[in-house]
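This report refers to the structure that appears directly beneath it.
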Amino acid sequence: MAKTPEELAKERYNRIMAAINLQEPDRVPLRGFGGDIVPAYYGITQKEFCFDYEKGTKAIEKYLTDFPFDWPSAAITGLDGRVFSVAFSEYPEVAVSTTFITGPMHEVLGDKYYRFPGMEIAEIASPQFIGGTFMQPDEYDELIENPPKFVAEKVLPRACRNLDTPQKTMATMVKLGIEFTRFGSVGREIAGIAARLGYPSIPMGGAYAPLDIIGDFLRGIENVLLDIRRYPDKVKQAAEALVEPIINYALSFKKRGFKWVMIPLHLNEYLSPKLYNEFYWPTLKKVILRLLEEGMQSQVFFEGRHDVHLETILELPKGWGIAYFEKTDLVKAKKVLEGHTCVMGGIPMSLIVGGTPDSIKEYMKNLIEQVKPGGGVILSPTIGTAPKETPIENIYALIEAVEKYG
Amino acid sequence: MLEELFNRIVDMDEEGAVSMAKEYLEGGGDAKKLLETCRDAMGVIGQKFEKGEYFLSELILGGEIFKNIMEFTLPKIKGGDEKKLGRIVLGTVKEDVHNIGKDIFKVFAEASGFEVIDIGIDTPEEKFVEAVKEHKPDIVGMSCLITAGVASMKRTVDALKEAGLREGIKIIVGGGRVDEGVKQYAGADAWADDAAKGVRLCKELMGIEG
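Protein sequences, first through last, are from chains D and L. The first sequence stops at residue 406 when you use the UniProt record's numbering, and every number in between is there. The second sequence stops at residue 210 when you use the UniProt record's numbering, and every number in between is there.
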């Protein structure tokens with residue numbers, strides 16, 4: 001007899017939680033992916049997917065119906081909005097809506113951080129984060145003094161065309177509030193669809209590595225790396241000053257009953273162990289530890305190669321969260337973190353896009369043989385977005401391989 | 001003095017390196033020799049990166065020091081920079097608007113003696129085809145950051161094939177999400193996910209020892 005959605009959701013939830021709790025589940029859980037494939041599979045453009053929430057929801061429903069991952073991650077696309085999270089960190093009811101900036105929010109803000117299909121880029125193109133330089137090096141003291149105030153009053157007017165005068169700002173914030181409400185309601189609708197289809201609910205809030213706020217939104221990646229050499233003390237103090245606002249933002253999710261935050265890292269692979277341990281890790285660690293004290297676990301995406309920094313994860317208490325790896329070898333990571341941290345990743349997107357069902361099955365069989373024993377692992381593509389050309393039969397092959405060998 | 005300058009660049013002493021280079025030229029030093037020293041230093045930075053002693057932040061800072069010194073050195077060299085290992089047409093592929101990887105690669109490729117023609121970001125297949133026809137490069141470098149770029153790389157290689165241009169060139173794909181699987185899928189000759197490896201492979205593609 002077929003399982004009810006509730007039974008299915010419970011089975012998947014237990015599978016994921018067992019892995020997170022460093023146990024061996026009934027089988028290895030598989031995290032899903034989204035990206036361009038979601039609208040493409042439904043036959044709409046990225047522009048429609050990003051801006052027409054009704055069509056976007058239908059596309060997600062079809063994708064979730066046809067591709068049964070244990071833990072899907074298809075959603076209406078939003079790009080990282082953590083600079084707004086810092087600006088409004090003292091207002092939890094606002095901060096809670098700032099993690100992702102969607103197409104309509106981008107249109108309202110007129111910001112220079114993002115490129116959305118049908119606006120700055122082609123209708124079929126993937127929405128993209130660009131970042132930029134919206135703060136000068138001589139402004140570090142102002143940032144250190146009061147990060148939310150500096151970001152809200154100095155950075156945002158430079159970064160957003162529609163926040164560059166007080167009058168425009170007032171109108172923009174009203175419109176943004178309407179968009180927050182719309183996005184919140186579509187989020188709940190998609191959550192309802194996911195529940196009906198038997199998917200577990202593991203709501204994720206957000207936090208960020210303090211230095212990444214400076215790199216992604218204030219100074220730009222290249223500039224912050226040069227600043228580390230040119231003004232090391234200022235950079236260090238600024239990262240310190242950002243810890244509290246980031247925690248406040250993350251705690252806005254606790255008030256909504258969330259137990260998880262997602263933290264995607266960017267500068268980690270740019271830094272040598274010396275610089276990582278001096279400028280990046282101490283403040284990130286503070287954020288993770290403080291949230292853990294508050295009863296919130298973290299899922300950290302260690303972008304790029306994290307190999308040389310791997311052992312620093314052992315400085316966190318056992319069971320602090322999920323370590324999601326991109327190019328760090330999952331087998332190696334699991335060996336280092338065994339019995340301490342649940343690891344996630346292992347499946348290169350190039351395999352799903354360019355492989356064949358047979359090559360995928362063979363790869364997965366081999367990977368699972370190596371990482372399954374002992375549990376504490378979640379299989380996932382190493383990046384959560386698939387291009388529109390991703391062959392459908394490959395997605396099925398991936399799911400079947402995990403069902404068979406996992 | 002040049003030896004000390006070399007060490008300063010390799011040790012990431014930005015201020016010290018730039019001021020010493022200026023001092024060297026002001027004292028009547030040979031701009032060509034200075035250029036050679038900077039090239040050698042950049043080569044060593046690339047090697048240190050590949051050995052795992054240096055990281056992306058050092059590649060970026062090294063590139064910055066090189067660019068700063070070149071700004072006042074190149075105008076002093078008659079006929080510009082004459083040493084050319086080969087010509088690279090370089091661009092971020094269609095539907096991808098990121099430039100950071102492309103730009104780091106470009107500095108290191110130029111520092112090692114390649115002539116680089118940068119055709120920008122979000123570059124349509126036709127623009128690659130046109131650039132190859134116009135500039136007749138030895139190598140075409142395609143960059144992407146997002147996964148959508150992977151498919152654009154394949155379409156660009158296909159377009160070059162259709163235009164009958166594939167035989168005369170080598171193609172290298174690069175970027176954060178690029179790996180052996182992407183190289184095979186796209187039909188390229190080499191792949192790199194960092195600038196140092198990218199430049200080394202370009203030399204290999206040209207039959208020059210790294």
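Heads up, the beta-carbon is just placed ideally off N, CA and C, and yes, glycines get one too.
- Query: L/Leu-2 and L/Lys-48: beta carbons closer than 8 Å?
  - Reply: One-based indexing of the second sequence puts residue 2 of chain L at position 2. One-based indexing of the second sequence puts residue 48 of chain L at position 48. For the 8 Å CB-CB criterion, L/Leu-2 and L/Lys-48 do not form a contact.
- Message: Check whether chain L comes within 8 Å of D/Ala-40, counting only Cβ atoms and requiring the distance to be less than that.
- Response: Locating residue 40 of chain D in the first sequence gives position 40, where the first residue counts as 1. Residue contact with chain L for D/Ala-40: absent (no Cβ-Cβ distance below 8 Å to any residue of chain L).
- Task: Can you give me the Cβ contacts of D/Ala-159 inside the same chain, cut-off strictly under 8 Å, excluding the 5 residues immediately before and after it?
- Result: Taking the first sequence and counting its residues from 1, the one referred to as residue 159 of chain D is at position 159. Here the set comprises Val-83, Asp-111, Lys-112, Tyr-113, Gly-132, Phe-134 and Phe-217.
- Item | Pairwise C-alpha distance: D/Gln-167 and D/Glu-315 | Translated into positions along the first sequence, residue 315 of chain D becomes position 315. Translated into positions along the first sequence, residue 167 of chain D becomes position 167. Pairing D/Glu-315 with D/Gln-167, the inter-Cα distance amounts to about 48 Å.
- Task: Below 9 Å between beta carbons is the criterion; list the residues of the segment 41 to 57 of chain L that meet it against any residue of chain D, in chain order.
- Result: Those would be Gly-52, Glu-53, Tyr-54, Phe-55, Leu-56 and Ser-57, in chain order.
- Go through the segment 272 to 316 of chain D residue by residue and report every complete run of the alpha helix (DSSP H) that reaches 4 residues or more, in order. Fully enclosed alpha helix (DSSP H) runs of 4 or longer: 281 to 293.
- Assign D/Val-174 to buried or exposed, taking buried as 16 or more other Cβ atoms, counted over all protein chains shown, within 10 Å of its Cβ. Working through the first sequence from its first residue, we reach residue 174 of chain D at position 174. Answer is exposed; the Cβ neighbour count stays below 16.
- Message: Between which residues of its own chain and residue 291 of chain L is the CB-CB distance below 7 Å, once the five residues before and five after are set aside?
- Response: Residue 291 of chain L falls outside the range modelled here, since chain L spans only 1 to 210, and no answer is possible.
- Query: So which residues on chain L does D/Glu-269 lean against when the C-beta distance must stay under 7 Å?
  - Reply: Numbered from its first residue, the first sequence carries residue 269 of chain D at position 269. Within 7 Å Cβ-Cβ: Leu-56.
- Three-pair Cβ contact test at 8 Å for the segment 174 to 187 of chain D versus the segment 96 to 106 of chain D: Result yes; three or more Cβ-Cβ pairs closer than 8 Å.
- Counting pairs of beta carbons, one from the segment 19 to 35 of chain L and one from the segment 375 to 387 of chain D, are three or more of them closer than 8 Å? Pairwise C-beta distances place the segment 19 to 35 of chain L out of contact with the segment 375 to 387 of chain D, as fewer than three of them are shorter than 8 Å.
- Is it right to say L/Ala-186 is buried, meaning 16 or more other beta carbons lie within 10 angstroms of its own, or is it exposed? The count along the second sequence starts at 1 and reaches residue 186 of chain L at position 186. Of the other Cβ atoms in all chains shown, 16 or more fall within 10 Å of the Cβ of L/Ala-186; this residue is therefore buried.
- Classification of D/Asn-268 by the beta-carbon crowding that lies within 10 angstroms, buried from 16 upward: In the first sequence, residue 268 of chain D corresponds to position 268, counting from 1. Buried is the call here.
- Among D/Gln-128, D/Gly-81 and D/Pro-117, which one has its Cα closest to the Cα of D/Ala-152? By one-based count along the first sequence, residue 152 of chain D stands at place 152. Taking only the C-alpha atoms, the option nearest D/Ala-152 is D/Gly-81.
- Item | DSSP state of D/Val-261 mapped onto helix, strand, coil | Here residue 261 of chain D is taken as the residue at index 261 of the first sequence, counted from 1. Looking at D/Val-261 - three-state DSSP - the assignment turns out to be strand.
- Message: At 3 residues or longer, what runs of the beta strand (DSSP E) sit wholly inside the UniProt domain "B12-binding" (85 to 210) of chain L?
- Response: Taken in chain order, the unbroken stretches of beta strand (DSSP E) that lie wholly in the UniProt domain "B12-binding" (85 to 210) of chain L and span 3 residues or more are 86 to 92, 114 to 118, 139 to 143, 170 to 174 and 190 to 192.
- Could you say if the segment 320 to 327 of chain D and the segment 275 to 285 of chain D meet the contact criterion of at least three C-beta pairs nearer than 8 Å? In short, these stretches do not touch, since the Cβ pair count stays below three.
- Query: Going by the beta-carbon positions, is the gap between D/Lys-361 and D/Ala-397 smaller than 8 Å?
  - Reply: The sequence position of residue 361 of chain D within the first sequence is 361, counting from 1. The sequence position of residue 397 of chain D within the first sequence is 397, counting from 1. Less than 8 Å divides the Cβ of D/Lys-361 from the Cβ of D/Ala-397.
- Query: Secondary structure at D/Leu-143, three-state DSSP: helix, strand or coil?
  - Reply: Here residue 143 of chain D refers to the residue found at position 143 when the first sequence is read from its first residue. Three-state result, D/Leu-143: helix.
- Message: Just to make sure I have the definition right: I need the residues of chain L whose C-beta is within less than 7 Å of the C-beta of D/Asp-36. Which are they?
- Response: Taking the first sequence and counting its residues from 1, the one referred to as residue 36 of chain D is at position 36. Going along chain L in sequence order, the residues near D/Asp-36 (Cβ under 7 Å) are Ala-148.
- Message: Could you tell me the alpha carbon to alpha carbon distance between D/Lys-274 and D/Pro-264, rounded to whole angstroms?
- Response: Position 274 of the first sequence holds residue 274 of chain D. Position 264 of the first sequence holds residue 264 of chain D. If I take the Cα positions, the gap works out to 21 Å.
- Query: Taking the alpha carbon of D/Ile-190 as the point to measure from, which residue in D/Leu-251, D/Thr-57 and D/Ala-238 has its own alpha carbon closest?
  - Reply: Residue mapping note: residue 190 of chain D aligns to position 190 of the first sequence, counting from 1. Nearest Cα to D/Ile-190 within the set D/Leu-251, D/Thr-57 and D/Ala-238: D/Thr-57.
- Message: For the segment 345 to 359 of chain D, list every residue whose C-beta sits within 8 Å of some C-beta in chain L, in sequence order.
- Response: Listed by position, the residues of the segment 345 to 359 of chain D near chain L (Cβ gap below 8 Å) are Pro-348, Met-349, Ser-350, Leu-351, Val-353, Gly-354 and Gly-355.
- Message: For the structure I just gave you, are there three or more beta carbon pairs, one from the segment 36 to 53 of chain D and one from the segment 71 to 78 of chain D, closer than 8 Å?
- Response: At 8 Å Cβ cutoff, the stretches touch.
- Within the same chain, show all residues whose beta-carbon is closer than 6 Å to that of L/Ala-111, passing over the 5 residues directly before and after it, in chain order. On the second sequence, position 111 is the one that residue 111 of chain L refers to. Within the same chain, and ignoring the five residues on either side of L/Ala-111 in sequence, the residues whose Cβ sits closer than 6 Å to its Cβ are Arg-39, Met-42 and Phe-66.
- Item | Nonlocal neighbours in the same chain, by C-beta distance under 7 Å from L/Val-97, ignoring five residues either side | In the second sequence, the residue the question calls residue 97 of chain L occupies position 97. Result list for L/Val-97: Ile-121 and Asp-122, in chain order.
- Note the first and the last residue of the continuous alpha helix (DSSP H) segment covering D/Asp-80. Residue 80 of chain D sits at position 80 when you count from the first residue of the first sequence. No alpha helix (DSSP H) contains D/Asp-80, which is instead part of the beta strand (DSSP E) from 78 to 80.
- L/Val-10 touches chain D at which residues, Cβ-Cβ below 8 Å? Counting from one through the second sequence, the residue named residue 10 of chain L turns up at place 10. For L/Val-10, no chain D residue has a Cβ inside 8 Å of its Cβ, as the nearest lies near 14 Å away.
- Message: Just to confirm the assignment: which complete beta strand (DSSP E) runs, minimum length 3, are found wholly within the segment 64 to 147 of chain D?
- Response: Counting whole runs of 3 or more residues, the segment 64 to 147 of chain D contains the beta strand (DSSP E) stretches 78 to 80 and 100 to 102.
- Thinking just about the alpha-carbon of each residue, which of D/Lys-236, D/Asn-248, D/Lys-334 and D/Gly-205 is nearest to the one in D/Asn-277? Working through the first sequence from its first residue, we reach residue 277 of chain D at position 277. Of the listed residues, the one whose Cα sits closest to D/Asn-277 is D/Lys-236.
- Task: Go ahead and label D/Ala-18 buried or exposed: buried means 16 or more other beta carbons lie within 10 angstroms of its beta carbon, across all protein chains shown.
- Result: The residue you call residue 18 of chain D lines up with position 18 of the first sequence. Answer is buried; the Cβ neighbour count reaches 16.
- Task: Within 10 angstroms of the Cβ of D/Glu-294, are there 16 or more other Cβ atoms? Answer buried if so, exposed if not.
- Result: Start at 1 with the first residue of the first sequence, and residue 294 of chain D comes out as number 294. Taking a 10 Å sphere around the C-beta of D/Glu-294, we find fewer than 16 other C-beta atoms and assign the residue as exposed.
- Query: Of all the residues that make up the segment 158 to 184 of chain L, which are near chain D by a beta-carbon distance shorter than 9 Å?
  - Reply: So the list reads Gly-176, Arg-177, Val-178, Asp-179, Glu-180, Gly-181, Val-182, Lys-183 and Gln-184, given in the order they occur along the chain.
- Any beta-carbon of chain D closer than 8 Å to the one on L/Asp-122? For the purposes of this step, residue 122 of chain L is identified with residue 122 of the second sequence, where counting begins at 1. For L/Asp-122, at least one C-beta of chain D is nearer than 8 Å to its own C-beta.
- Query: Is L/Leu-74 buried or exposed, if buried means 16 or more other CB atoms sit within 10 Å of its CB?
  - Reply: If you number the second sequence from 1, residue 74 of chain L lands on position 74. Exposed: under 16 other Cβ atoms inside 10 Å.
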